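J.:
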Amino acid sequence: PDIKVEWEEQLPLVEYGVRLPMYMIPRLAEILRDMAARGRPAKMLEAMRCAWRFHYWQYPEGRAFDLIMCELKARLAGKKVALDTKTCTLTCGDGIARHVPTSQPYMV
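Positions 173 to 280 (the numbering used here) are the ones given, in order, by the sequence shown.
(1) In or out: V253 buried (at least 16 other Cβ within 10 Å) or exposed?
(2) Can you tell me whether Q230 is buried or exposed? The criterion is at least 16 other CB atoms within 10 Å of its CB, across all chains shown.
(3) Which residues does DSSP pair with L200 in a beta bridge?
(4) Please state whether DSSP places R191 in a helix, a strand or coil.
(5) Where does L183 fall in DSSP's three states?
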């Protein structure tokens with residue numbers, strides 16, 4: 173896979189991130205205005221309310237370490253990690269959807 177950002181294989185970055193090839197950077201303002209006109213920032217913000225924790229390491233909010241443990245568990249099972257940003261649940265390849273809490277330590 174052509175990975176360019178941390179957690180790209182594990183997290184649904186397309187739901188809350190913007191990826192542009194370098195040649196499109198001069199059109200960035202236009203692209204962002206178009207996205208805003210279609211309501212995309214509000215959808216991205218909703219997804220980010222859950223996902224940001226997995227980009228942050230420090231407890232109690234950060235869940236990056238938990239994502240690593242989840243990925244290892246999923247690999248052992250031959251499965252993939254799945255984060256549902258709508259329900260803020262993480263599945264580690266075992267079929268169990270774990271709610272991602274906002275203030276207490278979360279261990280897989």
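Don't be surprised by glycine CBs; every beta carbon is placed ideally from N, CA and C. Since we're looking at a predicted model, the values are computed, not measured.
T.: Answer, in terms of the structure:
(1) It is buried - the Cβ of V253 has at least 16 other Cβ atoms within 10 Å.
(2) Answer is exposed; the Cβ neighbour count stays below 16.
(3) Note: L200 is not bridge-paired with any residue in the DSSP secondary-structure output.
(4) In this structure, DSSP gives R191 a state outside helix and strand, which the three-state scheme calls coil.
(5) Three-state DSSP puts L183 in coil, outside helix and strand.
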